[in-house]
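Colleague:
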Amino acid sequence: MTDVEIISLVNDSLIEEFELDESAMVSEAEIFADLGLDSLDIVDMVVVLEGLLEIKIRDDEGLREIRTLGDIHRFVITKKRETETAAD
Amino acid sequence: MRRVVITGMGAISPFGRGVEELIDGFLNDRSAIKVLDRLSDYDGLRTRLAALVPGVNDKDIARNKRRSMSRQSIFAVLAAREALNQAALPEALYDSGRYGVALGTTISSLETCENFFADHLVDKSFSRMKTSLFFKTMNHSAATNVAQFFGLNGRLLAPAAACATGCQALGYAYEMIKFGIQEAMVCGGTEEFHPLSAATFDLMNAASFRYNEEPTQASRPFDRRRDGVVCGEGAGVLVLEELTAAENRGAHILAEIIGFATLTETGSIAEPSSAAMQLCMLEALASAGVEPGAIDYVNAHATATEKGDIAEAQALLELFGEEVPISSLKGHLGHTLAASGGLETIATVAMMQRGELWPTRNLEEIDPDCVGPNIFSGVRKGSVNLVLKNNFALGGVNSCLVLKSVDKL
Chain Y
1 MTDVEIISLV
11 NDSLIEEFEL
21 DESAMVSEAE
31 IFADLGLDSL
41 DIVDMVVVLE
51 GLLEIKIRDD
61 EGLREIRTLG
71 DIHRFVITKK
81 RETETAAD
Chain C
1 MRRVVITGMG
11 AISPFGRGVE
21 ELIDGFLNDR
31 SAIKVLDRLS
41 DYDGLRTRLA
51 ALVPGVNDKD
61 IARNKRRSMS
71 RQSIFAVLAA
81 REALNQAALP
91 EALYDSGRYG
101 VALGTTISSL
111 ETCENFFADH
121 LVDKSFSRMK
131 TSLFFKTMNH
141 SAATNVAQFF
151 GLNGRLLAPA
161 AACATGCQAL
171 GYAYEMIKFG
181 IQEAMVCGGT
191 EEFHPLSAAT
201 FDLMNAASFR
211 YNEEPTQASR
221 PFDRRRDGVV
231 CGEGAGVLVL
241 EELTAAENRG
251 AHILAEIIGF
261 ATLTETGSIA
271 EPSSAAMQLC
281 MLEALASAGV
291 EPGAIDYVNA
301 HATATEKGDI
311 AEAQALLELF
321 GEEVPISSLK
331 GHLGHTLAAS
341 GGLETIATVA
351 MMQRGELWPT
361 RNLEEIDPDC
371 VGPNIFSGVR
381 KGSVNLVLKN
391 NFALGGVNSC
401 LVLKSVDKL
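Just so you know, the protein sequences line up as chains Y and C, in that order.
Just so we're aligned, residue 1 is where the first sequence starts under this note's numbering, counting upward by one.
Just so we're aligned, residue 1 is where the second sequence starts under this note's numbering, counting upward by one.
Here is the structure:
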């Protein structure tokens, strides 16, 4: 799966899960202020992303640094690659 | 003693969205009961009938509010919104701590539980569980969703007494205001249909299935050919407030609640007891300071079960003799369980306002064991000033409200 494919998959999944407007899905969008998510949503987002990409991120300290949609993309791409490397 | 009046009503019912749709269904003598094809997928379930709410658009509720709502919470919120819009309580007081919520369900959202466990039991994993699961399935989920949605921060009551839930919620809300604990209450019951509800009645030989091919003939309270309950869904929500406060703000008063009782029959968890029903009715009348002979109409619980209808008819005969008119609305709506107390009270208030009484749909030949009390046929015209509203439940819970028309305030 390419980075672009991962981003597309993540965006589609977040749009469906949180009923987001496609036009709001820009990398600089702040997840709280711009996308209107809150702390409960973040918990659910982790569940969605783990299932979607077959990664484990729930206990990852890096989650705390996420501010924007672009941060989410970079974070999950990194985790996906780590998972793939570990599997190899 | 403080007096308590109804100033708002909201309904989500098998007849559709809103009080107007509900009343229209009765005025046109419609049946809300339909064949639900998917019930044939279940082994061991004989009934194919249900009275479901048609076409509710839950996107009316913002996602961040809706995420904690099961279908029955959504019904409750939509019904509460209609009731609050009609009542037009001052919104500045919503967070005063003086406006509360009393609203219940038979059971937490079975649909939500089923969906969760269907996935969870594949591998017993909790890794796919979302936060919304708990908030949708709390026993007080519907009540707190209503409170959260509207910002009503007073008392929160979530009574659960199966088919008596809605009536109990109205009664407890009435007492909250009567005794000065709250100024206004949003109250009632809500129910989402699940095959388990139908199966529970079916198991006890108390669900209708002989009319699977003629759904509009099913649910026949007091009728000789009745064969049980048809389960339904919906929400009936009312706004109650203290009389003087309502008058001072120029509210449109719909009716007054003047008495309430709820008692528990401990002889059996399932068998209806005529004596216990009668005692509950008497207690409600006593709390209202009203003699049985003064009652103009009884809105019966009568769900079309073999034993329940007979027990209620016998209690009504002993208490009211052969004159006081009696009907059940479950021939039209089916049995909306926790929602029935609210929805039927709303319909009863509408009858009081219109000066007419609606008969029991599908009552063609009265059961010989129900003969005696005045279970009338045909629409009756005339003033309806004092009413007794019954709701009884599995689990031995009985509950009764006494209502008074605005004309007699």
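For every residue, glycine included, the Cβ atom is placed at its ideal position computed from N, Cα and C.
Hey, how far is the Cα of residue 251(C) from the Cα of residue 405(C)?
Modeller: Whole-angstrom Cα-Cα distance: 15 Å.
Colleague: Scan the stretch 121-145 of chain C for residues whose Cβ lies nearer than 9 Å to a Cβ of chain Y and list them as they occur along the chain.
Modeller: The residues in question are 127, 128, 129, 130, 131, 132, 135.
Colleague: Please confirm if the stretch 353-363 of chain C is in contact with the stretch 326-338 of chain C, defined as three or more CB-CB distances below 8 Å between the two stretches.
Modeller: Touching, yes, given that three or more Cβ pairs across the two stretches are closer than 8 Å.
Colleague: Are at least three pairs of beta-carbons, each pair with one atom in the stretch 43-51 of chain C and one in the stretch 85-95 of chain C, less than 8 Å apart?
Modeller: Contact fails: fewer than three Cβ-Cβ distances are below 8 Å.
Colleague: Rounded to the nearest angstrom, how far is the Cβ of residue 389(C) from that of residue 336(C), given a contact under 8 Å?
Modeller: Not really, about 14 Å apart at Cβ, beyond 8 Å.
Colleague: Going by the CB atoms, is the gap between residue 153(C) and residue 95(C) shorter than 8 Å?
Modeller: Cβ atoms of residue 95(C) and residue 153(C): closer than 8 Å.
Colleague: Taking C-beta pairs closer than 8 Å, name the residues in chain Y that residue 63(C) reaches, listed in chain order.
Modeller: Within 8 Å Cβ-Cβ: 18, 19.
Colleague: Note down the Cα distance separating residue 83(C) from residue 8(C), rounded to an integer number of angstroms.
Modeller: Cα to Cα, residue 83(C) sits roughly 4 Å from residue 8(C).
Colleague: Buried or exposed: residue 24(C), going by 16 or more other Cβ atoms within 10 Å of its Cβ?
Modeller: So residue 24(C) ends up on the exposed side.
Colleague: Looking only at C-alpha atoms, which of 244(C), 124(C), 189(C) sits nearest to residue 235(C)?
Modeller: If we check each option's Cα against that of residue 235(C), 189(C) comes out closest.
Colleague: In angstroms with no decimal places, state the Cα-to-Cα distance between residue 317(C) and residue 151(C).
Modeller: Their Cα atoms are separated by approximately 45 Å.
Colleague: Looking only at C-alpha atoms, which of 208(C), 248(C), 249(C), 240(C) sits nearest to residue 232(C)?
Modeller: Closest option to residue 232(C), Cα to Cα, is 208(C).
Colleague: According to DSSP, is residue 407(C) helix, strand or coil?
Modeller: It is helical.
Colleague: Can you tell me which of the three DSSP states residue 7(C) falls into?
Modeller: Note: residue 7(C) maps to strand in three-state DSSP.
Colleague: Measure from the alpha carbon of residue 36(Y) to the alpha carbon of each residue in 47(Y), 81(Y), 52(Y), 15(Y), then state which is nearest.
Modeller: Checking every option, the nearest Cα to that of residue 36(Y) belongs to 15(Y).
Colleague: What in chain C is Cβ-close to residue 40(Y), meaning under 7 Å?
Modeller: The contacting residues are 131.
Colleague: Which residues in the same chain as residue 366(C) place their Cβ atom closer than 8 Å to its Cβ, once the five residues preceding and following it in sequence are excluded?
Modeller: Around residue 366(C): 222, 223, 224, 375.
Colleague: Could you name the residues of the same chain whose beta carbon sits closer than 7 Å to that of residue 230(C), not counting the 5 residues immediately before and after it, in chain order?
Modeller: Only 33, 49, 50, 51, 208, 218, 219, 334, 335 meet the Cβ criterion.
Colleague: Might you give, ordered along the chain, the residues of its own chain that have their beta carbon closer than 7 Å to the beta carbon of residue 452(C), omitting 5 neighbours on each side?
Modeller: The question about residue 452(C) has no answer here: the residues shown for chain C are numbered 1 through 409.
Colleague: Count the other C-beta atoms from every protein chain shown that fall within 10 angstroms of the C-beta of residue 262(C), then say buried if there are 16 or more, exposed otherwise.
Modeller: Result: buried.
Colleague: Going by beta-carbon coordinates alone, are residue 238(C) and residue 170(C) separated by less than 8 Å?
Modeller: Yes; because the gap between Cβ atoms is below 8 Å, this pair is in contact.
Colleague: On the criterion of 16 or more Cβ atoms from any shown chain inside 10 Å, does residue 58(Y) qualify as buried, or is it exposed?
Modeller: Looking at its Cβ environment, which holds fewer than 16 other Cβ atoms inside 10 Å, residue 58(Y) is exposed.
Colleague: Have a look at 351(C), 226(C), 295(C) and flag the residue whose alpha-carbon is nearest the alpha-carbon of residue 302(C).
Modeller: Comparing Cα-Cα distances from residue 302(C) to each of 351(C), 226(C), 295(C), the minimum goes to 226(C).
Colleague: With distances taken from CA atoms, which of 351(C), 394(C), 325(C) is nearest residue 377(C)?
Modeller: Closest by alpha carbon: 325(C).
Colleague: Going by Cα to Cα distance, which pick from 99(C), 149(C), 98(C) is closest to residue 63(C)?
Modeller: Among 99(C), 149(C), 98(C), the Cα nearest to that of residue 63(C) belongs to 149(C).
Colleague: On the DSSP bridge assignment, give the partners of residue 34(C) in chain order.
Modeller: In the DSSP output, where bridge partners are listed per residue, residue 34(C) has 50(C).
Colleague: Looking at chain C, is there any beta carbon in it that lies within less than 8 Å of the beta carbon of residue 50(Y)?
Modeller: It does; some Cβ of chain C falls within 8 Å.
Colleague: Who pairs with residue 223(C) in a beta bridge, going by DSSP?
Modeller: According to DSSP, residue 223(C) bridges with 366(C).
Colleague: With a threshold of 8 Å between beta carbons, is residue 47(Y) in contact with chain C?
Modeller: It does; some Cβ of chain C falls within 8 Å.
Colleague: Label residue 407(C) either buried or exposed according to how many other C-beta atoms from any shown protein chain fall within 10 Å of its C-beta, with 16 as the threshold for buried.
Modeller: Classification for residue 407(C): exposed.
Colleague: Quick check: is any heavy atom of the ligand GDP less than 7 Å from the C-beta of residue 327(C)?
Modeller: This structure simply doesn't include the ligand GDP, nor any ligand for that matter.
Colleague: Looking at chain C, is there any beta carbon in it that lies within less than 8 Å of the beta carbon of residue 44(Y)?
Modeller: It does: the Cβ of residue 44(Y) has a partner Cβ on chain C nearer than 8 Å.
Colleague: Just to confirm the assignment: which complete beta strand (DSSP E) runs, minimum length 3, are found wholly within the stretch 59-132 of chain C?
Modeller: Whole beta strand (DSSP E) segments, 3+ residues: 99-104.
Colleague: Counting only the same chain and skipping the five closest in sequence on each side, list residues whose C-beta sits under 7 Å from that of residue 210(C).
Modeller: Within the same chain, residue 210(C) has close Cβ partners 227.
Colleague: Can you tell me which of the three DSSP states residue 381(C) falls into?
Modeller: It is a strand residue.
Colleague: Could you check what DSSP says for residue 172(C) in three-state terms: helix, strand or coil?
Modeller: Helix.
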